[in-house]
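Visitor: My questions will all concern the structure given below.
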Amino acid sequence: MSGFRSFSEFYPYYLSEHKNPVCRRLHYIGSTLVLLILATLLVTGLWSYWWLMLLAGYGFAWVGHFKFEHNKPATFKYPFYSLAADWVMYKDFLTGQLEQKLQKLL
Numbered sequence: 011m012s013g014f015r016s017f018s019e020f021y022p023y024y025l026s027e028h029k030n031p032v033c034r035r036l037h038y039i040g041s042t043l044v045l046l047i048l049a050t051l052l053v054t055g056l057w058s059y060w061w062l063m064l065l066a067g068y069g070f071a072w073v074g075h076f077k078f079e080h081n082k083p084a085t086f087k088y089p090f091y092s093l094a095a096d097w098v099m100y101k102d103f104l105t106g107q108l109e110q111k112l113q114k115l116l
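In our numbering, the protein residues as written are 11 to 116.
Listed below in structure tokens is the structure:
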């Protein structure tokens with residue numbers, strides 16, 4: 011797809027790019043690390059290490075895409091929607107809603 015009119019149009023596409031469970035797990039690891047790093051920065055005030063959040067979040071996700079999913083991360087084409095969708099997917103995973111949403115794609 012070349013363009014999306016809304017996030018609700020984009021999110022099913024995003025999920026379709028994350029069918030491999032290992033890729034999704036790597037996203038969850040990266041997102042969890044981002045939250046832990048953010049908490050650490052808030053407590054310590056060591057803001058010069060903010061880049062660790064980027065390294066953890068994108069690093070794990072991109073390994074998942076290139077090594078397991080064999081596609082290009084949506085971040086390259088849709089950076090803002092992709093960032094939002096990553097957190098929605100994380101929320102859907104944590105709340106048990108993700109499997110049902112993935113099944114709708116099949």
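Even for Gly, the Cβ is constructed at its ideal location relative to N, Cα and C. Predicted model, so just to flag it, every value in this text is computed and none were measured.
Relative to the C-alpha of threonine 85, which residue among Gly67, Leu48 and Leu52 is closest?
Guide: For the residues Gly67, Leu48 and Leu52, the minimum Cα distance to threonine 85 belongs to Gly67.
Visitor: Below 8 Å on the Cβ atoms is my guess for histidine 37 versus phenylalanine 70; work out the distance and round it to an integer in Å.
Guide: Confirmed, Cβ separation roughly 7 Å.
Visitor: Alpha carbon to alpha carbon, how far is histidine 80 from leucine 65?
Guide: Spanning the two alpha carbons is a distance of roughly 20 Å.
Visitor: Between which two residues does the alpha helix (DSSP H) harbouring proline 83 extend?
Guide: No alpha helix (DSSP H) contains proline 83, which DSSP labels as neither H nor E.
Visitor: Put glutamine 107 into one of helix, strand or coil per three-state DSSP.
Guide: Coil.
Visitor: Please work out which residues of its chain come closer than 7 Å, Cβ to Cβ, to cysteine 33, disregarding the five sequence neighbours upstream and downstream, and give them in chain order.
Guide: Excluding residues within five positions, the ones whose Cβ falls inside 7 Å are Gly74, His75, Phe78 and Glu79.
Visitor: Which first and last residues belong to the alpha helix (DSSP H) in which glutamate 19 is found?
Guide: Residues 17-26.
Visitor: How is the alpha helix (DSSP H) around glycine 69 delimited, first residue to last?
Guide: 61-73 is the extent of the alpha helix (DSSP H) around glycine 69.
Visitor: With three or more beta-carbon pairs closer than 8 Å as the criterion, would you say the stretch 100-109 touches the stretch 46-64?
Guide: Verdict: no, contact absent.
Visitor: Thinking C-beta only, is leucine 93 closer than 7 Å to leucine 25?
Guide: No, Cβ-Cβ distance for leucine 25 and leucine 93 is not below 7 Å.
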